[in-house]
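Engineer: Protein sequences appear in the order of chains A and B. Note that the first sequence covers residues 0 to 165 in numbering that gives the first Met the number 0. Note that the second sequence covers residues 0 to 102 in numbering that gives the first Met the number 0. Even for Gly, the Cβ is constructed at its ideal location relative to N, Cα and C. Computed from a prediction, not measured in an experiment: that's the story for all the values here.
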Amino acid sequence: MDAVLFLVFAAIAVACGISVVVQRHPITSAISLIGVMGALAVLYLLLGAEFLAAVQVVVYAGAIMVLFIFVIMLLNAGVEPPGGRSWPVRLLGLPMLVILVGLLSFVIRRVFAGGEEVRFGAFTKGGPREIGRLLFTDYLLPFEVTSVLILVAILGAVVLARKEID
Amino acid sequence: MLHPITNAHFLVLSAALLLIGTIGVLTRRNMVVILMSIELILNAVNINLVTFSRHFGDVHGQIFAIFVITVAAAETAVGLGILIALFRNRETVLADEVDLLKW
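1) Following a CB-centred definition, is I98/A positioned closer than 8 Å to any heavy atom of the ligand GDP?
2) So what does L93/B bridge to, in DSSP terms?
3) Within 9 Å of any Cβ in chain B, is that where the Cβ of M95/A sits?
4) Need the endpoints of the alpha helix (DSSP H) that S18/A sits in, please.
5) When DSSP labels each residue in this structure, what does E116/A get in the three-state scheme?
6) Mapping the DSSP letters down to three states, classify T50/B as helix, strand or coil.
7) Please classify T123/A: is it buried, with 16 or more other beta-carbons within 10 angstroms of its beta-carbon, or exposed?
8) What residue from G92/A, A29/A, V41/A, L148/A has the CA that sits closest to A10/A's CA?
9) Output the distance between the C-alpha atoms of S104/A and G56/B, rounded to the nearest integer angstrom.
10) So is I98/A in contact with chain B if we call contact Cβ pairs under 9 Å?
11) For I62/B, return the contacting residues in chain A, with the cut-off set at a CB-CB distance below 7 Å.
12) Determine the direct distance from the alpha carbon of I65/B to that of I149/A, and round the result to whole angstroms.
13) Is T69/B helix, strand or coil when you go by DSSP?
14) Using Cβ-Cβ distances below 9 Å, what residues of the region 87-98 of chain B are close to chain A?
15) Which residues bound the alpha helix (DSSP H) around T123/A?
16) Note down, in chain order, every chain B residue with its Cβ under 9 Å from the Cβ of E143/A.
17) Give the DSSP bridge partners of T5/B, in chain order.
18) Out of curiosity, what's the CA-to-CA distance linking A71/B and V57/A?
19) If L39/A and A12/A are in contact, beta carbons under 8 Å, what's the gap, nearest whole angstrom?
20) Measuring alpha carbon to alpha carbon, tell me which residue in G155/A, L96/A, V70/A is nearest M30/B.
21) Identify every run of the alpha helix (DSSP H) within the region 31-116 of chain A, keeping only runs that are complete inside it and at least 4 residues long; order them along the chain.
22) Below 7 Å CB to CB, which residues in the same chain sit around S18/A once its five sequence neighbours on both sides are set aside?
23) Are V97/B and L79/B touching if we call contact CB-CB under 9 Å?
24) If you draw a straight line from the C-alpha of F43/B to the C-alpha of G20/B, how long is it?
25) Taking a contact to mean a Cβ-Cβ separation below 9 Å, would you say V92/B touches V20/A in this structure?
26) So, is the C-beta of L100/B closer than 9 Å to a C-beta in chain A?
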């Protein structure tokens, strides 16, 4: 059951990820990216990160993707004209990529061989209670610094996107 | 019967998403899609962090993932702000047509 869940949603994530890169129209890419985020939220649940799964859906699939789609609509970005690629890239790109993926997965499987099985509900420390306690005790300073970072980012975005008034 | 799922499977998925995102950053011309590919890369990082959080039975990895999500949100807001300012000045979102700093 867990294996089926993982395989289905990992396949969705990878397929939507490839679709993000391959699609010529930015709106289609954005919709595919929402698919990636949703599939990853299910995988987080499988790994026992309940709070993070909720954050993934609310912040990523909700807020950030709305921002993306808003900007795509605002800029009226249409189909992207294809760029010219040199012949070594056309010829060698895909085989080299397949070799790289194979090598990488081989090394990971080799290093982490015989690891324990991932079961739904086996690891239950990822709930809001544990995360919140850590955030407000051990990670209080990084948490506050992040709030300053977000404030700076908001100010930067407002200043950058503002219309110049003479 | 299927093989049991281990942490290695999640790491392979993470590596795959990282590669897809890198390809997107390197090959696409539309800057909105380049930003989306960066989001893909950051998501791959998050899977890695959560997987190792589970591997070590420790929640600290998930805290890091939350910080990554926060910084990604800030990065997206600033990046899209830059994009809007750029579009206002140059009327383009294609990365190779923006050569203001080219000599």
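Structural biologist: Considering the structure as presented:
1) This structure does not include the ligand GDP; it has no bound ligands of any sort.
2) N29/B
3) no
4) 1-21
5) strand
6) helix
7) exposed
8) V41/A
9) 23 Å
10) no
11) I130, L133, L134, Y138
12) 14 Å
13) helix
14) R87, V92, L93, D95
15) No alpha helix (DSSP H) holds T123/A; DSSP gives it neither H nor E.
16) Within 9 Å Cβ-Cβ: nothing; E143/A doesn't reach chain B, min ~12 Å.
17) E116/A
18) 14 Å
19) 6 Å
20) V70/A
21) 49-54, 64-74, 86-110
22) S31
23) no
24) Going by the sequence as given, residue 43/B is Ala instead of Phe. If you take the alpha carbons of A43/B and G20/B, they lie about 9 Å apart.
25) no
26) no
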